[in-house]
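Line by line, the protein sequences give chains A and B. Quick note on numbering: the first sequence equals residues 1 to 253 in full-length UniProt numbering. Quick note on numbering: the second sequence equals residues 1 to 253 in full-length UniProt numbering. No residue lacks a Cβ here, since even glycine has one placed at the ideal position from N, Cα and C. Since the structure comes first, as structure tokens, the remarks are kept for the end.
Protein chains: 2
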Amino acid sequence: MSQTVDRALSILPLLAEGPADLGQVADRLGVHKSTALRLLRTLHEHGLVHRQSDQRYRLGARLFALAQQAVESLDVREIAHPHLVALNEKCGHTVHLAVHEENEVLYIDKVESRYPVRMYSRIGKPVAITVAAVAKLLLADLPEPERRALAVKLDYPRYTARSTPDATAFLAELAKVREQGWATDLGGHEESINCVGAPVRGVDGRVVAAMSVSAPNVVVTADELLALLPLVRRTADAISREYSGQTPAKETE
Amino acid sequence: MSQTVDRALSILPLLAEGPADLGQVADRLGVHKSTALRLLRTLHEHGLVHRQSDQRYRLGARLFALAQQAVESLDVREIAHPHLVALNEKCGHTVHLAVHEENEVLYIDKVESRYPVRMYSRIGKPVAITVAAVAKLLLADLPEPERRALAVKLDYPRYTARSTPDATAFLAELAKVREQGWATDLGGHEESINCVGAPVRGVDGRVVAAMSVSAPNVVVTADELLALLPLVRRTADAISREYSGQTPAKETE
DNA sequence: AAGTCGTGTTGCATTCCTTGCAACAGTCAT
DNA sequence: ATGACTGTTGCAAGGAATGCAACACGACTT
Chain A
1 MSQTVDRALS
11 ILPLLAEGPA
21 DLGQVADRLG
31 VHKSTALRLL
41 RTLHEHGLVH
51 RQSDQRYRLG
61 ARLFALAQQA
71 VESLDVREIA
81 HPHLVALNEK
91 CGHTVHLAVH
101 EENEVLYIDK
111 VESRYPVRMY
121 SRIGKPVAIT
131 VAAVAKLLLA
141 DLPEPERRAL
151 AVKLDYPRYT
161 ARSTPDATAF
171 LAELAKVREQ
181 GWATDLGGHE
191 ESINCVGAPV
201 RGVDGRVVAA
211 MSVSAPNVVV
221 TADELLALLP
231 LVRRTADAIS
241 REYSGQTPAK
251 ETE
Chain B
1 MSQTVDRALS
11 ILPLLAEGPA
21 DLGQVADRLG
31 VHKSTALRLL
41 RTLHEHGLVH
51 RQSDQRYRLG
61 ARLFALAQQA
71 VESLDVREIA
81 HPHLVALNEK
91 CGHTVHLAVH
101 EENEVLYIDK
111 VESRYPVRMY
121 SRIGKPVAIT
131 VAAVAKLLLA
141 DLPEPERRAL
151 AVKLDYPRYT
161 ARSTPDATAF
171 LAELAKVREQ
181 GWATDLGGHE
191 ESINCVGAPV
201 RGVDGRVVAA
211 MSVSAPNVVV
221 TADELLALLP
231 LVRRTADAIS
241 REYSGQTPAK
251 ETE
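Here it is as structure tokens:
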């Protein structure tokens, strides 16, 4: 749309391949050296481009600063909320969104079930970290040593007969979750309540949040709930895509 | 230098603060909405800007991709080499550059001493990980659990009486190194050889490489070598700055 | 339902900004 | 010294970006 800007921005991917000098940039842009010079200067003033000691140009530090600032200002909850609502409208059950912070897993959003049931969860409240599906998803993504360090530090309360009993079992469960890309809690916290969950990933592939659908088995059986898994995963993936700023199909055209 | 590009690039830091709609962007740029629209469109085509579901604009995924590709294409050794040579010319001793990879620490560059001595090191060769100054620097930067996991897995050969004896001592040494920002190896590998080293950091502050100066004490005493510390640190910092694309003083003007 | 505000979007004429050229200034090798 | 190579600057001409005004669309209010 804007020729000048278009040309200037085309320099960035070019430099991402590696440092280049003025002539190379001008050639690959198909413009005169002086034109390339002025574009590079403008990019340089904004810190997007850095001139190294051999006079060649590379991408500059500002780019990293921008990228970092962008992720920090991103609010998963804001982006995820409409998706959670849509999911709730499709299946009717309680939908949770949670994040991992300081050795705790916290609910940061919740859409209530449309069935007349209550669940003991509250936004801002730490979840039962050893059994909840969202906790498993978030912790499964940690590097192995951190995962292990955390697992041995935790208490393993026996909420029910199906609660995770100890660190060994927990680590095994996390490995499974990491492998399959989704998690469940089948009566591990409250005997009659089941959950299925899936991870939300950031642009670097790391898990930044986790969502789950919960329902008491007086409403649906565990098997029926598990049938929702594809839908849950698709929702989580949609959130991931939007969160990481990728438009589903447009990106590569 | 180029008004159009200048305006377009000014949008990026603006969006880094958080999502904004067309009107806000136009206002803060001091241009007509239609102008802002066309600039945003161009940025969008290049993927630097992403349009979220509520029509507001944010920074896009391409920015992250570019930043990542840029760091991958960066070669520490290439950037560091002239600095290593300069350091060698100033002090005359052997200078090493090393990186951490797969639970090993490898020398990736070396400038030979100008004194007639030999050192048993070779580019590409794993270093004595429990005693070398460069190893301490690289491992000290790991997250605590990984550091501990690695420390207990290592063997602690007694090269000399001053070699690190066990994991406990090693972890204590790493904590000290992490704290002070530099490291030494005083006869821990070979009785008569001392080293001082300092870390090279990337744009995110993490240690990406480590450099050291080594000399046998038949040439200089440990104290004399330690007197070089400020020089070594300054060199490492210079490499860090150049590697992370920050121009020393210009950046904040 | 009509009306109104608030968005984002498009065509178009004017004008200013970008462009390529050619000449210049360095640096390095021959 | 001389040549070839880089990066750099002034200038005129043309084209591209700009702001305007009008339009389209949806969300609210009345």
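Could you name the residues of the same chain whose beta carbon sits closer than 7 Å to that of residue i, not counting the 5 residues immediately before and after it, in chain order?
| i | result |
| --- | --- |
| L39 (chain B) | R7, A8, I11 |
| N217 (chain B) | S192, N194 |
| R62 (chain A) | H46, G47, L48 |
Alpha carbon to alpha carbon, how far is residue j from residue i? Give it in angstroms, no decimals.
| i | j | result |
| --- | --- | --- |
| V31 (chain B) | G23 (chain B) | 10 Å |
| I193 (chain B) | L59 (chain A) | 40 Å |
| L68 (chain A) | L43 (chain B) | Sequence inspection shows Gln at residue 68 (chain A); the Leu mentioned does not correspond to that position. One C-alpha to the other measures close to 18 Å. |
| F170 (chain B) | A151 (chain B) | 7 Å |
| S121 (chain B) | D204 (chain A) | 37 Å |
| T4 (chain B) | R201 (chain B) | 35 Å |
| A149 (chain A) | R147 (chain B) | 11 Å |
| Y47 (chain B) | R41 (chain A) | Contrary to the premise, residue 47 (chain B) reads as Gly rather than Tyr in this sequence. One C-alpha to the other measures close to 22 Å. |
| T160 (chain B) | R51 (chain A) | 46 Å |
| L226 (chain B) | A215 (chain B) | 11 Å |
| M1 (chain B) | L66 (chain A) | 21 Å |
| A236 (chain A) | E78 (chain A) | 14 Å |
| V25 (chain B) | D54 (chain B) | 15 Å |
| K90 (chain A) | K33 (chain A) | 58 Å |
| A222 (chain B) | T35 (chain A) | 56 Å |
| D27 (chain B) | K176 (chain B) | 51 Å |
| E102 (chain B) | E224 (chain A) | 44 Å |
| G18 (chain A) | F64 (chain A) | 16 Å |
| D166 (chain B) | E190 (chain B) | 18 Å |
| L228 (chain A) | T168 (chain A) | 29 Å |
| P248 (chain A) | Y156 (chain B) | The predicted model places P248 (chain A) with a pLDDT of 42, which falls under 50 and marks its position as unreliable; any figure quoted below should be read in that light. Distance between the alpha carbons of P248 (chain A) and Y156 (chain B): 52 Å. |
| I123 (chain A) | I123 (chain B) | 55 Å |
| P82 (chain B) | P82 (chain A) | 54 Å |
Output yes or no for whether 9 Å exceeds the beta carbon distance between residue i and residue j.
| i | j | result |
| --- | --- | --- |
| V127 (chain B) | A135 (chain B) | yes |
| V208 (chain A) | V99 (chain A) | yes |
| A16 (chain B) | R56 (chain B) | no |
| L142 (chain B) | P199 (chain B) | no |
| L29 (chain B) | L14 (chain B) | yes |
| G181 (chain A) | R241 (chain A) | no |
| S113 (chain B) | G92 (chain B) | yes |
| R158 (chain B) | G187 (chain B) | no |
| K125 (chain A) | L154 (chain A) | no |
Skipping 5 residues on each side, what residues in its chain have a beta carbon closer than 6 Å to that of residue i?
| i | result |
| --- | --- |
| R178 (chain A) | A140 |
| V95 (chain B) | L84, L87, N88, V111, V213 |
| A80 (chain B) | L97, I239 |
| S244 (chain B) | G202, V203 |
| T184 (chain A) | A133, V196 |
| P230 (chain B) | none |
| residue 255 (chain A) | This structure cannot speak to residue 255 (chain A), because chain A is shown only from 1 to 253. |
| A210 (chain A) | A98, V134, L137, L138, G197, P199 |
| E104 (chain A) | P126 |
Just tell me which of the options has its CA closest to the CA of residue i.
| i | options | result |
| --- | --- | --- |
| T130 (chain B) | B:R148, B:T164, B:P216, B:P143 | B:T164 |
| V76 (chain A) | A:A167, A:I108, A:E104 | A:I108 |
| R206 (chain A) | A:S2, A:S34, A:V71 | A:V71 |
| E144 (chain B) | B:K125, B:A172, B:A222 | B:A172 |
Among the residues of its own chain, which have a CB less than 8 Å from the CB of residue i, if the five just before and after it don't count?
| i | result |
| --- | --- |
| L174 (chain A) | K136, L139, A140, R147, A151 |
| E253 (chain A) | Annotation note: pLDDT 30 at E253 (chain A) (below 50); position unreliable, coordinate value reported separately. So no residue of the chain qualifies. |
Quick check: does the Cβ of residue i come within less than 8 Å of any heavy atom belonging to the ligand GDP?
| i | result |
| --- | --- |
| V203 (chain B) | Judged by which ligands are present, the structure shown has none, so any question about the ligand GDP falls away. |
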